[in-house]
Structure formats: C-alpha cells, structure tokens
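*Asks:* So that we are looking at the same thing, I have put the structure below in structure tokens.
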Amino acid sequence: MSIKKLVKMIVNKTTANSKQHPTPAQTPYYLMGGEPKVRQLANRFYDIMASDPQVAELYAIHPLPLDTIRQKFFEFLSGWLGGPALFEQKYGHPRLRARHLPFQVDEKLRNQWMYCMDKALDEVVDNKLLRDGIRQSIGQLASHMINC
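According to this note's numbering, the stretch in the sequence shown is residues 3 to 150, in order.
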C-alpha cells in the first residue's frame, strides 16, 4: 500500500469493514519507526510544551512532573497510530473527551496543543505525507476536545 493511500485512510478513518485497511506493518506507528519514534514524538511534544512561552497557559494545566503524563501520552499514541494498544491495556478505552471535561478546553488551548504537536511532528516524522496525514487526523481529534 502506498503512503498516499495510507494517509488518505488515516484522514478518512477507514475502518476494518472498508475495502482497504492497514496491515500491522503498514500502520503509521510502524511506518514512522515504531516504539522509539512514537516515544520520541510524545517526549518532544512535552519538551516543547515545557519550554516554549507561547504555550504557557497549556503547560500550566498539566500535572508536574511530566513523567507520568509523558508515559500515558506515549501509550495512547502507540495505539492511536496503529501499534500496541498500551493505554487501553492499562486504563481501558481512552474516552478522551470525558477525560478532558474537567478542563476548560477552548480554541486557544486547542491551538496551543496543536502548536506543540506540529513542532514535534516536524522534528520526528520524516515522511512529509505521513506527517501531514497524522497532523490532519490529530487536529480533528484536538478540535473534538473543545468543550467551552
């Protein structure tokens, strides 16, 4: 399967009942480099959040130290990108919207979150088409977290 078809599938959220679906070797998780790259993405995301003054408001609502949340984010990304479902194995279904309801997530916070993710994706994911597909899909997910 070509990267272009895979990205289209990610963006359009093609399901297992669709004609085409990724095989384990073709998921974004494996295409970007598996566990080391997904962990690098999660860590770089939080490095940016902790150091860039443009996202100080977002950083302020996160529990410190960031070690636990870095690990949970890596576990979530692992399954979300088509790798091992580590988060679900430990905590059950992510229920992301429900988990974020205690926080007032507005468009400004969503954009700060995407700022961190955009920078991390640019640094970690080498393939532009794959990077752009992940960016578009995770951007939709981030928009879904807006609750005020």
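Glycine residues also receive a C-beta, built at the ideal position from the N, C-alpha and C atoms.
Classify Asp124 as helix, strand or coil using the three-state DSSP reduction.
*Replies:* helix
*Asks:* With DSSP as the reference, label Asp69 as helix, strand or coil.
*Replies:* helix
*Asks:* Measuring CB atoms only, is the segment 57-65 touching the segment 101-116, in the sense that at least three cross pairs come out at less than 8 Å?
*Replies:* yes
*Asks:* If we count the other Cβ atoms within 10 Å of its Cβ and call it buried at 16 or more, is Lys39 buried or exposed?
*Replies:* Result: buried.
*Asks:* What are the boundary residues of the alpha helix (DSSP H) that Met51 is part of?
*Replies:* 37-53
*Asks:* The alpha helix (DSSP H) with Gln142 in it runs from where to where?
*Replies:* 130-146
*Asks:* Using three-state DSSP, classify Cys118 as helix, strand or coil.
*Replies:* helix
*Asks:* So what does DSSP say about His64, is it helix, strand or coil?
*Replies:* Assignment of His64 by DSSP, reduced to helix, strand and coil, places it in the coil class.
*Asks:* Going by beta carbon distance, what residues of the same chain come within less than 8 Å of Arg97, once the five residues before and after it are set aside?
*Replies:* none
*Asks:* Under three-state DSSP, which class holds Phe105?
*Replies:* coil
*Asks:* At a cut of 8 Å, does the segment 31-47 reach the segment 90-107 through at least three beta carbon pairs?
*Replies:* no
*Asks:* Can you tell me where the alpha helix (DSSP H) holding Gln28 begins and where it ends?
*Replies:* Unbroken run through Gln28: none, as it is neither H nor E.
*Asks:* For Ala58, name the three-state secondary structure that DSSP assigns.
*Replies:* If DSSP states are grouped into helix, strand and coil, Ala58 belongs with the helices.
*Asks:* Taking buried to mean at least 16 other C-beta atoms within 10 Å of its own C-beta, is Ser20 buried or exposed?
*Replies:* Residue placement at Ser20 cannot be trusted, given a pLDDT of 48 that sits under 50; the coordinates are not used to answer.
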